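My numbering puts the first residue of the sequence shown at 504, with every later residue one more than the last.
Every residue gets a Cβ at the ideal spot worked out from N, C-alpha and C, and that includes glycine.
Please read these numbers as outputs of a predicted model, since none were measured by experiment.
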Amino acid sequence: MNNLLTIKNELHSSLNNKQNLGMISFDIVKAYDTAWRPRILNKLNKIIAKGYMLDFISNFLNHRTFQVKTSNTLSDTFLQESGVPQGSTISVTLFLIAINDISEGISQPNKPLLFADDFTILCRSTNLNSIQSILQDSTNKLTS
Numbered sequence: 504m505n506n507l508l509t510i511k512n513e514l515h516s517s518l519n520n521k522q523n524l525g526m527i528s529f530d531i532v533k534a535y536d537t538a539w540r541p542r543i544l545n546k547l548n549k550i551i552a553k554g555y556m557l558d559f560i561s562n563f564l565n566h567r568t569f570q571v572k573t574s575n576t577l578s579d580t581f582l583q584e585s586g587v588p589q590g591s592t593i594s595v596t597l598f599l600i601a602i603n604d605i606s607e608g609i610s611q612p613n614k615p616l617l618f619a620d621d622f623t624i625l626c627r628s629t630n631l632n633s634i635q636s637i638l639q640d641s642t643n644k645l646t647s
């Protein structure tokens, strides 16, 4: 709800100041399935150093297998090579650790907003071309 209020307030402020508001919204497709495990473990290594907790999480993430059952037929076993397991309470935290710094490359006058796997960038200006250019630069930083 906080991000919705921020968008509402930015829209209200831009109208009051006779400015335009540009917004780009990103939804990370298959966010949990594509979370990069080495990044998670590297960030955790910096946060909690080495030890049993890091070993536990590494073991939790690595060497995971799965099978699919349709009717009475069970598939071969496959190795889950990326992502975090869905349905586990720790997976939410691990995913958030992976993307928490996504907005670090986004600078003023942009306003980055993050909620779960949804990322939004807002930009206000009196010049529409300026907004477009600034938002494009921010998008380029995210994808480089």
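- request: Out of I634, D640, L625, point me to the one whose CA is closest to K515's CA.
  value: Per the sequence shown, residue 515 should be read as His rather than Lys. Closest option to H515, Cα to Cα, is L625.
message: Quick check on T576: does DSSP put it in helix, strand or coil?
response: strand
- prompt: Are the CB atoms of S641 and N613 nearer to each other than 8 Å?
  reply: yes
message: Could you check whether I593 and F563 sit closer than 8 Å to each other, using their CB atoms as the reference points?
response: yes
query: So, using beta-carbon positions, are S585 and R542 closer together than 8 Å?
result: no
The alpha helix (DSSP H) enclosing I543, as first and last residue numbers: 540-551
task: Could you check if V571 is buried or exposed, using at least 16 other CB atoms within 10 Å of its CB as the buried criterion?
output: exposed
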